[in-house]
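Residue numbers (our numbering): 1 to 352.
We put the beta carbon where it would ideally sit given N, CA and C, even for glycine.
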């Protein structure tokens, strides 16, 4: 329930230069702000100490595909970011995409990316979204791997486009399931060594999949929160993963989500009795203050954009006043913000 919430309620000021252009090296050297009844400045390397034996740490193994392509429509240059496959048919594979400039594209136009990689414009919707159809026999993922770029968020400045190192930097070390066009950024901080130390604490690592879409990180333009339409994203929780989470909870362990993507998927798979089951399909769950969490007890997540669905989610999880105070502290203390920035470890507020 949004209850008349205004998008402006979730605005905040960010100092110039606070947006991270590169990730911390090593990854776990990033700073970590623990947010509960009080604030504690830590680093991601301290994460094992914030977890308890018996907890379940849930990670999202989606893999970012090089979904940004640049092609020609006649003599005009067109950029497109593929979002998700829609259909496979004898006449070709169809994807939704965000195109720029979309307003000049017409049905039947052909976007030439390379001699062996082209797509036909099927139609155009609002917000720059189009449907592209690739010719029969096109291996879209293989073609993207050869001709595409990592689809970095617009606030990470790369005048010449994404660089070669971004393919590794903008990918979790455990990415296995291709399909995301944006990284589950909290997971960018985790390394194999850190995950090993977490397991040594008696924490079970549970793998789920949610293919993150480009709309996840965008600020909301509607004045009223209830007028915002969430983009659907495809996710999967295996029966084995759901069973592990149930067993850990029944034994008194906490469910700790790595990233808002993992959290939204877990909450989508839970029923009103707070039981989690296997899940496979789309979710467009929109979490705002007033939402009652069913599964997740703690959350590792990055710092999010003002007026975004993700800042609304963390405000629902830990309280709006508490999160605004945490972000003000982070800005004053020089934390680095957004996808390549530092992280927070959020305890769920009482009653959330």
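Query: For residue 12, is the beta carbon positioned less than 6 Å from some heavy atom of the ligand HEM?; Result: The ligand HEM is absent from the structure shown, which contains no ligands of any kind.
Query: Just grab the DSSP bridge partners of residue 34 for me.; Result: 40, 345
Query: If you compare alpha carbons, which of 112, 207, 50 is closest to residue 78?; Result: 112
Query: What are the start and end residues of each continuous beta strand (DSSP E) run of 3 or more residues lying completely inside the segment 183-249, in chain order?; Result: 204-210, 233-237
Query: Please tell me whether residue 276 and residue 242 are closer than 7 Å, where the distance is taken between their beta carbons.; Result: yes
Query: Helix, strand or coil for residue 301? Go by DSSP, reduced to three states.; Result: strand
Query: Based on the DSSP output, what are the partners of residue 123 in its beta bridges?; Result: 131
Query: Work out the CA separation of residue 268 and residue 236 for me, nearest whole Å.; Result: 10 Å
Query: Counting only the same chain and skipping the five closest in sequence on each side, list residues whose C-beta sits under 6 Å from that of residue 347.; Result: 36, 298
Query: Just curious, the alpha helix (DSSP H) that residue 48 is in, first and last residue?; Result: 47-50
Query: Could you tell me if residue 284 is buried or exposed, where buried requires 16 or more neighbouring beta carbons within 10 angstroms of its beta carbon?; Result: exposed
Query: Please state the DSSP three-state secondary structure of residue 1.; Result: Note that residue 1 scores 48 on pLDDT, short of 50, meaning its location in the model is unreliable and no value can be drawn from it.
Query: When the Cα of residue 252 is compared with those of 70, 122, 53, 199, which residue comes out closest?; Result: 53
Query: So, is residue 339 buried or exposed, given that buried needs 16 or more other C-beta atoms within 10 angstroms?; Result: buried
Query: What residue range does the beta strand (DSSP E) around residue 322 cover?; Result: Note, residue 322: premise wrong, no beta strand (DSSP E); alpha helix (DSSP H) at 320-333.
Query: Use the C-beta contact count for residue 8: other C-beta atoms within 10 angstroms, 16 or more gives buried, fewer gives exposed.; Result: exposed
Query: In the structure shown, what three-state DSSP assignment does residue 257 receive?; Result: strand
Query: Looking only at DSSP bridge pairs, what is residue 282 linked to?; Result: 234
Query: Please state the DSSP three-state secondary structure of residue 87.; Result: strand
Query: What are the boundary residues of the beta strand (DSSP E) that includes residue 99?; Result: 92-100
Query: Check whether the segment 143-163 and the segment 100-110 are in contact - that is, three or more C-beta pairs closer than 8 Å.; Result: no
Query: Between residue 131 and residue 144, is the Cβ-Cβ spacing less than 7 Å?; Result: no
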